[in-house]
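Asks: Going line by line, the protein sequences match chains B and X. Take 1 as the starting number for the first sequence in my numbering and just add one per residue. Take 1 as the starting number for the second sequence in my numbering and just add one per residue. If you scroll down you'll find the structure; I have some questions about it.
2 protein chains.
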Amino acid sequence: MSNVDDIKNSGLAFTSWVASKQHHIESTLEQCLPDANLAPCMLHSAMRYSALKGGKRIRALLCYAAAELSTYEPNVADASACAIELIHAYSLVHDDMPCMDDDDMRRGKPSCHKQYDEATALLVGDALQSLAFEVLSQSQNYAHSQLSANQQMKLINLLSKAAGSKGMAGGQGIDLAAVGKDLSQSELETMHRMKTGALIEASIMLGAISAEKSSQEAIQQFANKIGLAFQVVDDILDVEANSKTLGKTAGKDAESNKPTYVSTLGLSAAKQHVQILYDQAIDAIRPLGDKANRLIELAGYIIQRNF
Amino acid sequence: MSNVDDIKNSGLAFTSWVASKQHHIESTLEQCLPDANLAPCMLHSAMRYSALKGGKRIRALLCYAAAELSTYEPNVADASACAIELIHAYSLVHDDMPCMDDDDMRRGKPSCHKQYDEATALLVGDALQSLAFEVLSQSQNYAHSQLSANQQMKLINLLSKAAGSKGMAGGQGIDLAAVGKDLSQSELETMHRMKTGALIEASIMLGAISAEKSSQEAIQQFANKIGLAFQVVDDILDVEANSKTLGKTAGKDAESNKPTYVSTLGLSAAKQHVQILYDQAIDAIRPLGDKANRLIELAGYIIQRNF
Chain B
1 MSNVDDIKNS GLAFTSWVAS KQHHIESTLE QCLPDANLAP CMLHSAMRYS
51 ALKGGKRIRA LLCYAAAELS TYEPNVADAS ACAIELIHAY SLVHDDMPCM
101 DDDDMRRGKP SCHKQYDEAT ALLVGDALQS LAFEVLSQSQ NYAHSQLSAN
151 QQMKLINLLS KAAGSKGMAG GQGIDLAAVG KDLSQSELET MHRMKTGALI
201 EASIMLGAIS AEKSSQEAIQ QFANKIGLAF QVVDDILDVE ANSKTLGKTA
251 GKDAESNKPT YVSTLGLSAA KQHVQILYDQ AIDAIRPLGD KANRLIELAG
301 YIIQRNF
Chain X
1 MSNVDDIKNS GLAFTSWVAS KQHHIESTLE QCLPDANLAP CMLHSAMRYS
51 ALKGGKRIRA LLCYAAAELS TYEPNVADAS ACAIELIHAY SLVHDDMPCM
101 DDDDMRRGKP SCHKQYDEAT ALLVGDALQS LAFEVLSQSQ NYAHSQLSAN
151 QQMKLINLLS KAAGSKGMAG GQGIDLAAVG KDLSQSELET MHRMKTGALI
201 EASIMLGAIS AEKSSQEAIQ QFANKIGLAF QVVDDILDVE ANSKTLGKTA
251 GKDAESNKPT YVSTLGLSAA KQHVQILYDQ AIDAIRPLGD KANRLIELAG
301 YIIQRNF
């Protein structure tokens with residue numbers, strides 16, 4: 001684990017960057033979400049409740065880190081980072097509903113359907129998804145307009161695919177069908193790549209939209225490995241972390257008899273697998289030089305996280 | 001009602017056009033929905049179940065009719081018509097769920113959560129929404145590519161706004177909050193404009209994206225009136241039609257104590273209101289000449305429908 005430890009100790013610069021980007025995405029989201037006083041007030045207030053003040057904003061951070069591989073100014077990624085966090089927030093609201101994971105806690109507070117009600121939670125998720133595509137399609141509000149209309153179309157296409165039935169929603173569909181079944185490692189990988197990996201990958205690729213074509217393949221390779229590593233770490237945390245640190249109910253996977261990397265490979269092999277994916281991810285982008293440093297640091301942050 | 005009767009009797013040409021466009025949108029949707037054999041199979045088969053072989057495709061028809069106001073070839077509107085029908089299908093699936101309207105029938109067959117289950121219905125709606133934006137952002141598959149990237153961005157922006165919390169989902173939010181309350185006609189109008197009107201309007205405005213700038217205002221005016229008329233007719237049908245013709249459970253609004261135009265104005269005044277909105281809609285686009293004929297015919301079809 002020496003590479004990872006080096007990164008862990010690499011000091012304040014990274015920590016400051018994370019804090020400043022977390023603050024920046026929070027205020028960008030604040031601005032793009034409808035005001036809670038605008039009718040329908042309950043829906044808008046529930047949308048803000050679900051999308052603001054929560055989470056470590058890993059997807060936004062990945063998006064901003066990838067944007068450092070281009071020559072554009074960093075806030076070129078504002079609309080993308082915002083849209084991705086909105087899609088992520090919508091997916092959490094719907095996943096927590098009684099007909100899905102039936103989870104009462106999220107990000108350390110009552111989940112949307114507990115704080116409001118189920119019908120509101122359904123609409124909140126639906127409206128957050130629409131808003132993500134609204135944000136990506138109105139360039140004038142964002143530095144985003146440095147991008148051409150064709151590049152913006154590409155962002156929308158990438159995000160819609162990552163969110164849909166061949167991405168995140170599809171992974172959820174496989175997950176539903178998998179409860180109580182033994183999956184092979186390869187089936188589990190497919191499920192994880194879609195369920196969580198697709199949106200993590202998209203976060204990086206949307207950020208990298210303006211990077212040079214010659215770097216895109218390396219970034220794609222990195223994104224693919226980190227997307228999967230992220231979910232394996234999730235599986236490990238579900239077993240090892242407690243609910244308070246996690247901000248959601250721990251031990252849910254085992255309780256609901258869902259196949260995970262830990263149940264399939266065992267805890268120790270799952271951890272080894274994370275390290276291998278991390279190494280492959282780093283190897284892919286090291287040739288891009290110093291500009292890739294933020295992504296490398298973030299990769300370490302992701303696999304060492306306890307939330 | 002003389003204008004309407006004239007249209008009703010205007011003969012086969014319109015009926016043939018409707019049938020041919022209904023057939024065309026069905027096969028376009030067939031192609032853009034993921035194959036039922038593609039994993040996750042249950043999700044994909046449920047998406048096809050919910051989006052295909054159902055409905056009169058009024059929104060697609062409006063989109064195609066509006067496209068006749070431009071000089072582009074008619075299938076320039078394929079992607080738009082498809083995306084709008086996907087958004088409409090997603091909204092029906094979510095609306096029928098137990099936490100919303102709890103409706104067991106839709107388009108004459110069991111609603112999605114009855115045919116499959118609630119979790120699947122939730123994902124189906126989510127994935128159909130993503131697919132709508134995927135379709136609009138991949139120009140190469142459609143004649144749609146006659147449009148510039150900027151025009152395509154505009155389509156996405158219009159549709160995302162019409163679907164979201166300031167449009168359809170927002171109207172649902174007001175609807176939820178209104179159960180058991182007396183609304184004024186103006187509050188009811190706001191709710192209806194958002195809940196149904198926004199997507200009807202968007203269907204027309206997406207079709208008209210390539211129409212001349214000078215016609216856009218007249219078309220917008222038409223779209224606005226017809227969007228509202230559509231919902232008032234819905235309220236009337238909920239009282240007058242039977243479940244078989246309607247393809248969904250009739251009398252639901254009264255049963256669930258929802259304010260409607262009929263409960264607010266009475267049946268006779270609601271019908272008069274439809275006629276006034278129809279007249280205003282027609283007056284707005286008559287100056288556009290013969291090219292507007294399909295829209296005028298469709299307006300008659302919409303207000304005289306029994307489904």
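All residues carry an ideal CB built from backbone N, CA and C; glycine is no exception. Since the model is a prediction, treat every value here as computed from it, not as a measurement.
Are there three or more Cβ pairs, one per stretch, closer than 8 Å when the region 103-121 of chain B is compared with the region 65-84 of chain B?
Replies: no
Asks: Is the shortest distance between the beta-carbon of residue 182 (chain B) and the beta-carbons of chain X less than 8 Å?
Replies: no
Asks: Is the beta carbon of residue 14 (chain B) sitting closer than 8 Å to the one on residue 297 (chain B)?
Replies: yes
Asks: What does residue 110 (chain B) pair with, by DSSP beta-bridge criteria?
Replies: B:105
Asks: Among X:287, X:115, X:87 and X:16, which has the Cα closest to the Cα of residue 43 (chain X)?
Replies: For residue 43 (chain X), the nearest C-alpha among the options comes from X:115.
Asks: Please list the terminal residues of the continuous alpha helix (DSSP H) segment that includes residue 41 (chain B).
Replies: 41-51
Asks: Can we say the region 53-67 of chain X touches the region 21-28 of chain X, given the rule of at least three CB pairs closer than 8 Å?
Replies: yes
Asks: Have a look at residue 180 (chain X) and residue 257 (chain X) and give me their C-alpha separation to the nearest angstrom.
Replies: So the alpha carbons of these two residues sit roughly 5 Å apart.
Asks: In chain order, what residues of the same chain lie with their CB nearer than 6 Å to the CB of residue 308 (chain B), ignoring the 5 residues before and after it?
Replies: Past the edges of chain B, shown from 1 to 307, lies residue 308 (chain B), and the structure says nothing about it.
Asks: Against chain B, does residue 196 (chain X) count as a neighbour if the rule is that its beta carbon must be under 8 Å from one of theirs?
Replies: no
Asks: Taking any Cβ of chain X, which residues in the region 150-165 of chain B have a Cβ under 7 Å from it, in chain order?
Replies: For the region 150-165 of chain B, which is checked against every Cβ of chain X, the residues closer than 7 Å are 150, 152, 153, 156, 157, 160, 161, 163, 164 and 165.
Asks: If you run the structure through DSSP and keep just helix, strand and coil, what is residue 144 (chain B)?
Replies: Confidence at residue 144 (chain B) is low in this model, with a pLDDT of 49, below 50, so its placement is unreliable and the value that follows should be read with caution. Helix, per DSSP.
Asks: Report the rounded CA-to-CA distance for residue 32 (chain B) versus residue 135 (chain B), giving the unit in angstroms.
Replies: 7 Å
Asks: For residue 131 (chain X), would you say it is in contact with chain A, using Cβ-to-Cβ distances shorter than 8 Å as the test?
Replies: Note that chain A does not occur in the displayed structure, where the protein chains are B and X.
Asks: Name, please, each residue of chain X whose Cβ falls closer than 7 Å to the Cβ of residue 172 (chain B).
Replies: 123
Asks: Residue 237 (chain B) lies in the alpha helix (DSSP H); which residues open and close that run?
Replies: 213-240
Asks: Within the same chain, show all residues whose beta-carbon is closer than 6 Å to that of residue 21 (chain X), passing over the 5 residues directly before and after it, in chain order.
Replies: 61 and 64
Asks: Between which two residues does the alpha helix (DSSP H) harbouring residue 150 (chain X) extend?
Replies: 149-163
Asks: Consult DSSP for residue 95 (chain B) and reduce its assignment to one of helix, strand or coil.
Replies: Residue state, collapsed to three classes: helix.
Asks: Does any CB atom of chain X fall closer than 8 Å to the CB of residue 43 (chain B)?
Replies: yes
Asks: Specify the secondary structure class of residue 182 (chain X) as computed by DSSP and reduced to three states.
Replies: Reduced to three states, the DSSP call for residue 182 (chain X) is coil.
Asks: Which residues in chain X sit within 7 Å of residue 134 (chain B), going by Cβ to Cβ distance?
Replies: 157, 160, 161 and 164
Asks: Does the Cβ-Cβ distance between residue 153 (chain X) and residue 175 (chain X) come in under 8 Å?
Replies: no
Asks: Take residue 151 (chain X) as the anchor and find which of X:123, X:189, X:213 and X:198 has the nearest alpha-carbon.
Replies: Nearest of X:123, X:189, X:213 and X:198 to residue 151 (chain X), Cα basis: X:213.
Asks: Please state whether the Cβ-Cβ distance between residue 132 (chain X) and residue 204 (chain X) is less than 8 Å.
Replies: no
Asks: Taking all protein chains shown into account, decide if residue 272 (chain B) is buried (16 or more other Cβ within 10 angstroms of its Cβ) or exposed.
Replies: exposed
Asks: Run the CB neighbour count on residue 185 (chain B), radius 10 Å, all protein chains shown included, and call it buried at 16 or more, exposed below.
Replies: exposed
Asks: What are the start and end residues of the alpha helix (DSSP H) that includes residue 304 (chain B)?
Replies: Segment: none, residue 304 (chain B) is in no alpha helix (DSSP H) and carries neither H nor E.
Asks: Can you tell me which of the three DSSP states residue 15 (chain B) falls into?
Replies: helix
Asks: So, is the C-beta of residue 85 (chain X) closer than 8 Å to a C-beta in chain B?
Replies: Chain B contact via Cβ: absent.
Asks: Measuring alpha carbon to alpha carbon, tell me which of X:82, X:46 and X:147 ends up nearest residue 117 (chain X).
Replies: X:46
Asks: Give me the Cα-Cα distance between residue 111 (chain X) and residue 93 (chain X), rounded to the nearest whole angstrom.
Replies: 7 Å
Asks: With DSSP run on the structure shown, which of helix, strand or coil describes residue 59 (chain B)?
Replies: helix
Asks: Below 8 Å CB to CB, which residues in the same chain sit around residue 168 (chain B) once its five sequence neighbours on both sides are set aside?
Replies: 87, 91, 162, 194, 195, 196, 198 and 199
Asks: Under a Cβ-count criterion, where at least 16 other Cβ atoms within 10 Å of its own Cβ denotes burial, should residue 235 (chain B) be classed as buried or exposed?
Replies: buried
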